[in-house]
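From first to last, the protein sequence lines are chains A and B. For the first sequence, this note's numbering begins at 1 and goes up steadily by one. For the second sequence, this note's numbering begins at 1001 and goes up steadily by one. Working notes, structure below.
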Amino acid sequence: MNLTLKIWRQKNANDKGSMVDYQISDVSPDMSFLEMLDVLNEDLITKDEEPVAFDHDCREGICGMCSLHINGEPHGPDKGITTCQLHMRSFKNGDTIYIEPFRAKAFPIIKDLIVDRSAFERIQQSGGYVSVNTSGNTQDANAIPVPKEDADMAFDAATCIGCGACVAACKNSSAMLFTSAKVSQFALLPQGKVEAKKRVQDMVAQMDAEGFGNCSNTGACEAECPKGISLENIARLNRELIKAKTAVKH
Amino acid sequence: MTKLDSKIPSGALKDKWTNYKNNINLVNPANKRLIDVIVVGTGLAGGSAAATLAELGYNVKAFAFQDSPRRAHSIAAQGGINAAKNYQGDGDSIYRLFYDTVKGGDYRAREANVYRLAEVSANIIDQCVAQGVPFARDYGGLLDNRSFGGVLVSRTFYAKGQTGQQLLLGAYSAMNRQISRGKIKMYNRHEMMDVVIVDGKARGIITRDLVTGKIERHGAHAVVVGSGGYGNIFFLSTNAMGSNASAAWKIHKKGAYFANPCFTQIHPTCIPVAGELQAKLTLMSESLRNDGRIWVPKNMDDVKAIRAGQLKPTQIPEENRDYYLERRYPAFGNLVPRDVASRAAKERCDAGYGVNATGQAVYLDFASAIERYGKETAHVQGLDENDKALVTKLGKQVIENKYGNLFQMYEKIVDENPYETPMMIYPAVHYTMGGIWVDYNLMTTVPGLYAIGEANFSDHGANRLGASALMQGLADGYFVLPYTIGDYLADDIRTGPISTDHPAFAEAEKEVVDRLEHFINNKGTKSVDTFHRKLGLIMWNKCGMARNKEGLTSAIEEIKVLREEFWKEVRVPGGMNEFNDELAKAGRVADYLELAELFAKDALHREESCGGHFREESQSEEGEAKRDDENFKYAAVWEYTGNPGEAILHKEDLVYENIELKTRSYK
Ligand SMILES: Cc1cc2nc3c(=O)[nH]c(=O)nc-3n(C[C@H](O)[C@H](O)[C@H](O)COP(=O)(O)OP(=O)(O)OC[C@H]3O[C@@H](n4cnc5c(N)ncnc54)[C@H](O)[C@@H]3O)c2cc1C
Ligand code: SF4
Ligand code: FES
C-alpha cells in the first residue's frame, strides 16, 4: 500500500516543532508499524536527511519504551496493544496517518517523537517498593500463602509497563492509572501492607509535584491502556488514600 | 596462562561457597561509604547487583541506555525462573539442578560455579516474594511450578508469560528504594563507551549522554558490567533492538578475556521470519512445550498441499503426522533441550517438510492439550465429557489461563488464531552462553572489573537450559557479586575518591571522541543497518545452527571485507552533540563486526559438536552431536592483541570431580 505520513518533527526540547509530510510506498500489510518507520528512516538516510527519532526496544509490547500518538490515539487504533505490536494490516492503501509524540506537560519532548518520562521514575522512587533487604535473609517463600485471587489481581496490576499512554489519553494528563497500578499491586499483597499508608501518600504527593493533572474519572486511560489496567485500581488507590489520611488523624 | 586462575575454592563441592564466604575479606560498613562502584546495565543482573551493593553501603552509580532501569531486555523473559525448592516433592534438589545444568550445558561449564548457582537458587524465590513479586499461585495460595526442557522435574516459577517483567520490576523496586536513599545514582539514557584502566586496575568509564551527546568521565574503585548478551550480532534475534555487545567488547579490548564466543543458543520456538524488512523476531516461550506438540506432515504431498493453501493442518489425520521429537526422543519428547529441538526442526525443514511458504516452519499444536484439559475440567465439574464442543471450550479456557498473552502476541503478529489452528514456529537466535571470562569471584582478567549476567560466560556451558538465565542473573547480582567484590575492595579503603583527571581518562575519552567524529564525518553511502543486515546473514548462514570448516573459513573472510567496507562507506546523519540513534547504532555495529570474526574463529577451532555448537564434521550416524572430551574439554578463552583475527587462545581445563562425563542423551 501507499500512505501519506504526517509526522511531528522537532529538533530538540527548545525547538518549536511542526508536522512534516512524507510519502511511503509498497508497505506490506504484514509489516509492523515500527518496521514501516524503519523503512521510512532508511529512505531518509539515503537521501541524507535526518531520520525520525522514536523510542522502542523490545518490539513485543513488554518494555514500555515505545510510545506514539497515532491518528489521535496513544499506541494507535487497535485496542490492548502497544505501538510496536501494531501491524500495517490495520491501515489501508491511500490512508493518511498522523504520528505525534505523547503530549503532556509532565512529559517534555526530547526530539521528534521521543518524550522524557522521568516523572514516572520519580513517582516510583517515592514509594513503589517494599522495604526489604536483598541480602538473602528472607523467610521461605511459601511461609505466607496468598489467596490465588489476590495474587492474580496483584499480578494484573503489576503488568503495567510504564508506557505513559494513560497520561497521553487523559484530557487532564493525569497519571492516576499508572500510580494506582503500583499502589494496588502492593496493597493486595501481605508483603506490601506494612508500608501501605505511607506509600500511597508519598506516591500521590510526588505525582502531584510532577505536574500531572487531576483525575476526573473519564476512563480514557483505561480505554487506551495496552495492558488493560482497570479503573478499579484508581478506586482502590482512593480507598487506600482515605484509609491512610484517616489513620494519620488519630 | 598466568592470568587464567579460576580461583575455585578447595574443599568438597557442597561446602565450597559457604566456607569461601566465611573466609573472604570484608569491608566494614563505615568503610563501604568510602567506596564507589560503577554498575553498567540494570537488567536482572545489574539491577539486583546495584540494589544490593547500595544496601550494603557502597556508593553506586548505575548506567542504562534505556530511559528507565525497568526497560532492560530482561523485561522480555517470558517463561520462568528455576529454583531447587522441591515444592512439588518430585525429587528435586540442589544436586539435581546442578547436575541438570551441567549436563544441559553439555559438560562445558565449571562445576563449582554451577553448584553455587543451584545452591542460592531457592533463596532467589524467597527474596522475590518478599519484594512483592506476584508469582503464579495455586488455589491453596502456594507457589505454582511448571516444567522446562531438558529436565524431569517441575522447578520453574513463573508469573504467566511475563516472568522477566515481574522479576525485573522487583529488582527495579529494590533499586528505587536505594535511589530514594541517595545510595544509587541512576544514569538513564547513558551509554558506556569505554572502560578506563589506571595502573592495571579498572577505575572508571567513559559515557555518552544519549540525549545531549555529552561525553562524561566517571571514576570508581570497581566496575561491574552487566550489559547482557550479543545475540543481535545475527541482526535478527529475539533480543531487544538495543541489546548490544559493545560494553563487553570494549572491556575485552582493554584486557578482559572473552570465553567461548561461538556458544550461541538458537531457540526452537520462535515466530518464523516473515519478510525481508523484518527488524526482529519474537519468541514463543518454551513453556508452551509443556502442552504443545511439535510436528510436520509425514507425506510430501501433504506438505505441498499445505504450502499451496489447498490443505489445512487440522485436516491432516493423526497417522499422517510426524511428531518427530516424540519419535526421536521418547524419554523427553517435546521437552528435549533447546539445541536438540532446534536441530531437529532444521533437519525436518532441510529435508523439505517445512510447512510455510519459505519452507522454514514446523507446527506447535495445542489441540490434544485442549482436549485433555477440557475433559479433565468437565470431569471435575461433573459435566459431560463426551460433549465435544463443551470440552473444547473448557480446554481453551485452561490454555488461555496459562498462555493467554503468548497466544495474543502470536495472533497479533501472524494474524491467525492459535486456539483454532496450530502455531507455526522456527528456531531463532536467542541467547549467548559465551561471554566475558570470569573467575569464581565473577572478576574478569582485569583487576577490579567484573562481569555478571548474560554478559559473562559462566554457568551454562555450551547450552543453557530454559529458565536458568533469570536465575543466574539474579544469583550473580543479589547473592554472589556483592560478597565476592568485598574481597577485592578491602584493599581500597584508604585509596580515596578516584580522580578522573588521570591521563588514562583523557586518553580513553579521546579515543571515544575520535571514533564518533569519524562516523559523523565519514559521509559514506550506506546506512548502518545495511551493514548489520549483511553481517546477520553471514552469521546465520555460516555460524548458525550447523557449522563446518569451509563455511566458517569463508565467513571469516567475508566479515573482514564487510568490516573494511563499513569503515569506508557507512553514513551517519546528524551531529554528535544531540540525540542521534544512528550514531549509537554505528558504534555497536562496528563492535559486532570485530566480535563476529572472533566468534567464527572460535567456532572454527572447536572441532567438536557440543551444545549449541554443532560442527557437521562431528556427528553420529543418526545425526546426533558428537562431543570430543579428549581434545576440547575446556573453555576457550581469547586474549585480544590488537586484531580479533589474531587473538591468542588460552584454555581453562574443565575438571569434573562430582559428575561423570557422559554422552548427553535424551532418548
Ligand atoms: C524473548 C526472551 C525471553 C526469555 N525468556 C527467558 C525465561 O523465560 N527464563 C530465563 O531464565 N531466561 C529467559 N531469557 C533470557 C534472559 O532474559 C536474559 O538472558 C537475561 O534477562 C539477561 O539479563 P542481564 O541482566 O544479563 O542483561 P539485560 O537484561 O540484557 O540488561 C542489559 C543492561 O545493560 C544495559 N547496557 C547494555 N550495554 C550498555 C552500555 N554500553 N552502556 C550502558 N548500559 C548498557 C542495558 O541498558 C540494560 O540495562 C529470555 C530472553 C529473551 C530474548
Ligand atoms: S497504566 Fe497502562 S497506559 Fe498507563 S503506563 Fe501503565 S500500561 Fe501504560
Ligand atoms: S518497544 Fe517495548 S513495548 Fe513497544
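Glycine included, every Cβ here is placed at the ideal spot set by N, Cα and C.
Using 8 Å for Cβ pairs, my map puts residue i next to residue j. What's the rounded Cβ distance?
{"i": "A187 of chain A", "j": "R236 of chain A", "result": "6 Å"}
{"i": "L1552 of chain B", "j": "K1542 of chain B", "result": "6 Å"}
{"i": "G1683 of chain B", "j": "R1108 of chain B", "result": "In the structure as shown, chain B starts at 1001 and stops at 1667, and residue 1683 of chain B therefore has no counterpart that could be examined."}
{"i": "G1352 of chain B", "j": "V1273 of chain B", "result": "Wrong, their Cβ atoms sit about 18 Å apart, outside the cutoff."}
{"i": "A978 of chain B", "j": "Y1488 of chain B", "result": "No information on residue 978 of chain B is available, as it lies outside the stretch 1001 to 1667 that chain B covers here."}
{"i": "L1654 of chain B", "j": "Y1634 of chain B", "result": "6 Å"}
{"i": "G1466 of chain B", "j": "G1149 of chain B", "result": "5 Å"}
Determine the DSSP secondary structure at residue i, reduced to helix, strand or coil.
{"i": "Q10 of chain A", "result": "coil"}
{"i": "S1665 of chain B", "result": "coil"}
{"i": "T134 of chain A", "result": "coil"}
{"i": "K1651 of chain B", "result": "strand"}
{"i": "F1063 of chain B", "result": "strand"}
{"i": "G1150 of chain B", "result": "coil"}
{"i": "A84 of chain A", "result": "Checking the sequence, you will find Cys at residue 84 of chain A rather than Ala. C84 of chain A: helix per DSSP, three-state reduction."}
{"i": "K1253 of chain B", "result": "helix"}
{"i": "G1161 of chain B", "result": "strand"}
{"i": "F102 of chain A", "result": "coil"}
{"i": "Q1619 of chain B", "result": "strand"}
{"i": "D1322 of chain B", "result": "strand"}
{"i": "P1029 of chain B", "result": "helix"}
{"i": "C58 of chain A", "result": "coil"}
{"i": "H1379 of chain B", "result": "helix"}
{"i": "L231 of chain A", "result": "coil"}
{"i": "D15 of chain A", "result": "coil"}
{"i": "R1203 of chain B", "result": "strand"}
{"i": "N1401 of chain B", "result": "helix"}
{"i": "F155 of chain A", "result": "helix"}
{"i": "M1001 of chain B", "result": "Caution is warranted here: a pLDDT of 44 is assigned to M1001 of chain B, below 50, making its placement in the model unreliable, and no coordinate value can be reported."}
{"i": "T1269 of chain B", "result": "strand"}
{"i": "T1495 of chain B", "result": "coil"}
{"i": "K1526 of chain B", "result": "strand"}
{"i": "G1219 of chain B", "result": "strand"}
{"i": "G1691 of chain B", "result": "In the structure as shown, chain B starts at 1001 and stops at 1667, and residue 1691 of chain B therefore has no counterpart that could be examined."}
{"i": "D1628 of chain B", "result": "coil"}
{"i": "S32 of chain A", "result": "strand"}
{"i": "N1441 of chain B", "result": "coil"}
{"i": "H250 of chain A", "result": "Any reading at H250 of chain A must be qualified, since the residue scores a pLDDT of 49, below 50, and its modelled position is unreliable; the value itself is stated next. Coil."}
Which residue wins for smallest C-alpha separation from residue i, given the options the options?
{"i": "L231 of chain A", "options": "A:M19, A:R117, A:D156", "result": "A:D156"}
{"i": "I234 of chain A", "options": "A:T134, A:L86, A:Q185", "result": "A:Q185"}
{"i": "K1402 of chain B", "options": "B:Y1419, B:I1316, B:G1132", "result": "B:Y1419"}
{"i": "E210 of chain A", "options": "A:H87, A:L44, A:Q125", "result": "A:Q125"}
{"i": "H1430 of chain B", "options": "B:A1555, B:D1036, B:S1243, B:Y1158", "result": "B:S1243"}
{"i": "Q23 of chain A", "options": "A:M1, A:P147, A:Y129", "result": "A:M1"}
Is it true that the CB of residue j sits closer than 8 Å to the CB of residue i?
{"i": "Q206 of chain A", "j": "R122 of chain A", "result": "yes"}
{"i": "K11 of chain A", "j": "K171 of chain A", "result": "no"}
{"i": "M1433 of chain B", "j": "F1407 of chain B", "result": "no"}
{"i": "T1042 of chain B", "j": "M1193 of chain B", "result": "no"}
{"i": "D26 of chain A", "j": "T4 of chain A", "result": "no"}
{"i": "E1594 of chain B", "j": "V1528 of chain B", "result": "no"}
{"i": "A1054 of chain B", "j": "K1183 of chain B", "result": "yes"}
{"i": "V1391 of chain B", "j": "E1371 of chain B", "result": "yes"}
{"i": "A1428 of chain B", "j": "T1238 of chain B", "result": "yes"}
{"i": "G1228 of chain B", "j": "H1073 of chain B", "result": "yes"}
{"i": "W1295 of chain B", "j": "R1321 of chain B", "result": "yes"}
{"i": "N1676 of chain B", "j": "M1424 of chain B", "result": "Nothing about residue 1676 of chain B can be reported from this structure: the residues present for chain B run from 1001 to 1667 only."}
{"i": "M1471 of chain B", "j": "I1197 of chain B", "result": "no"}
{"i": "M31 of chain A", "j": "M88 of chain A", "result": "yes"}
{"i": "E60 of chain A", "j": "T1282 of chain B", "result": "yes"}
{"i": "Y1410 of chain B", "j": "I1271 of chain B", "result": "yes"}
{"i": "S67 of chain A", "j": "T46 of chain A", "result": "no"}
{"i": "I1520 of chain B", "j": "M1576 of chain B", "result": "yes"}
- Residue list, Cβ distance to ligand 2 heavy atoms smaller than 6 Å: A:C160, A:I161, A:G162, A:C163, A:G164, A:A165, A:C166, A:L177, A:F178, A:A181, A:C225, A:P226, A:K227, A:I229
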